[in-house]
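The numbering used here applies: residue 185 is where the sequence shown begins, and numbers increase by one.
Glycine included, each C-beta is placed from N, C-alpha and C at the ideal position.
Nothing here was measured: the structure is a model prediction, and the numbers come from that model.
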Amino acid sequence: MQIRPLSATDIPAAASLLRLLAERSIVQDCAPVDAAAFLREHDADGIARHLADGMAYHVATRDDVLLGFIGVRERRHVFHMFVDQAHQRQGVARALWQHARAAAGNPAQMTVNAAIGAVPVYRALGFVPTAPVQSRNGIAFHPMQFEGSVHA
185 MQIRPLSATD IPAAASLLRL LAERSIVQDC APVDAAAFLR EHDADGIARH
235 LADGMAYHVA TRDDVLLGFI GVRERRHVFH MFVDQAHQRQ GVARALWQHA
285 RAAAGNPAQM TVNAAIGAVP VYRALGFVPT APVQSRNGIA FHPMQFEGSV
335 HA
């Protein structure tokens, strides 16, 4: 597995992966208007905007196949982390997290608004809940913070 910065040529595959996983685990219970807004905000153009605005994105690949990607905003907030279902439970998320954290300068504390289904993954990476489950624009999430756990 190789982890490297996301390039413009990676954006379509990353956006496709995000959409597929979001439809399965983030927006499936949302009102159609909220789901459409979320998917539109996080499409290829959205990822390109975030990249242009300075968000740090990294991809995990093997044999030129995108396994997953992570996006970190302002060196302290995990904004996106998605791993293809065929490659989950194989250390891809952990490798992406460790790489992105190192690239951000290994801050002691980082945050994430974890999709409900992703909470166990973030817990395994050393994140802890900081507030009850919340909802914004129909999307439920659990605010969490990394506090330098040995699991990372």
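Asked: So what does Pro316 bridge to, in DSSP terms?; Found: Paired residue(s): none; Pro316 is not in a bridge.
Asked: Nearest by alpha-carbon distance to Gln272: which of Val312, Leu205, Ala324 and Pro291 is it?; Found: Leu205
Asked: Assign Ala210 to one of three DSSP states: helix, strand, or coil.; Found: Per the sequence shown, residue 210 should be read as Ile rather than Ala. In the structure shown, Ile210 sits in coil (DSSP, three-state: anything other than H, G, I, E or B).
Asked: Under a Cβ-count criterion, where at least 16 other Cβ atoms within 10 Å of its own Cβ denotes burial, should Asp194 be classed as buried or exposed?; Found: buried
Asked: I need the straight-line Cα distance from Asp213 to Leu202, nearest angstrom please.; Found: 17 Å
Asked: Around the C-beta of Arg224, are 16 or more other C-beta atoms found within 10 angstroms, so that it is buried, or is it exposed?; Found: exposed
Asked: Taking the alpha helix (DSSP H) that Pro216 falls in, what are its first and last residues?; Found: Pro216 to Glu225
Asked: Using CA atoms only, rank isn't needed, just tell me which of Arg307, Gly301 and Asn321 is closest to Glu331.; Found: Arg307
Asked: Would you grab the beta carbon distance between Met294 and Val262 for me? Rounded to a whole angstrom, and I think it's under 8 Å.; Found: 6 Å
Asked: Could you tell me which residues DSSP pairs with Gln181 in its beta bridges?; Found: Given that the chain is displayed from residue 185 to residue 336, the structure contains no residue 181 and the question cannot be resolved.
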